[in-house]
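Let me begin by presenting the structure, written as structure tokens, before commenting on it.
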């Protein structure tokens with residue numbers, strides 16, 4: 776378990792390099808392998824602005840419920856508000872993860888997520904960011920060239936409130952397959 780809890784703040788416009796004063800020798804994301812994801816490490820990144828038009832566009836295509844597609848009619852639904860689809864929030868989270876957390880050279884596959892929850896609605900004008908904590912890094916028992924990561928992903932709004940959370944599972948290549 777890492778003694779410190781590294782944090783990396785970057786904008787959504789560029790890929791994170793996972794460098795942090797607490798880990799000055801950590802590799803950039805395009806040279807980041809299983810061994811570089813240490814339990815206890817925390818990363819914070821992203822600044823995805825949510826617009827009304829993006830909410831409507833996503834919902835019309837993938838989740839065409841009135842409270843996602845029509846700001847005025849949404850007021851007359853049981854929810855009583857115009858909000859983003861939870862799946863839209865999940866897609867924005869994935870975009871931030873790919874840009875700032877998931878290694879471009881070592882990520883093999885994700886067998887899934889656990890504990891997916893939408894805690895608060897996402898509305899037009901919200902700006903989303905992420906906080907990711909590495910929970911577990913376990914070498915594969917059957918394939919020595921890889922390991923499994925479990926990470927807790929929290930999506931936050933501009934007020935620091937958790938709007939979505941999940942635990943992600945990732946299979947990652949090791950730097951040294953030996």
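Residue numbers (my numbering): 776 to 953. Where is the CB? At the ideal position from N, CA and C, for every residue including glycine. None of these values were measured; they are calculated from a predicted model.
Measuring CA to CA, which of the options is closest to residue i?
i, options, result
"residue 883", "923, 942, 951 and 875", "923"
"residue 824", "945, 870 and 876", "870"
"residue 942", "840, 885 and 904", "885"
"residue 807", "881, 815, 946 and 858", "881"
"residue 917", "935, 928, 946 and 890", "946"
"residue 816", "907, 935, 949 and 934", "907"
"residue 935", "914, 849, 814 and 904", "904"
So what does DSSP say about residue i, is it helix, strand or coil?
i, result
"residue 822", "strand"
"residue 828", "helix"
"residue 945", "strand"
"residue 939", "strand"
"residue 847", "coil"
"residue 912", "strand"
Alpha carbon to alpha carbon, what distance is there between residue j and residue i?
i, j, result
"residue 939", "residue 931", "7 Å"
"residue 834", "residue 863", "8 Å"
"residue 845", "residue 877", "34 Å"
"residue 895", "residue 889", "18 Å"
"residue 856", "residue 929", "23 Å"
Which whole-angstrom value is the C-beta distance of residue i and residue j, which I expect to be below 8 Å?
i, j, result
"residue 909", "residue 837", "So it is not a contact: roughly 30 Å between Cβ atoms."
"residue 809", "residue 912", "7 Å"
"residue 925", "residue 948", "Incorrect: roughly 17 Å between the Cβ atoms, too far for contact."
"residue 902", "residue 822", "6 Å"
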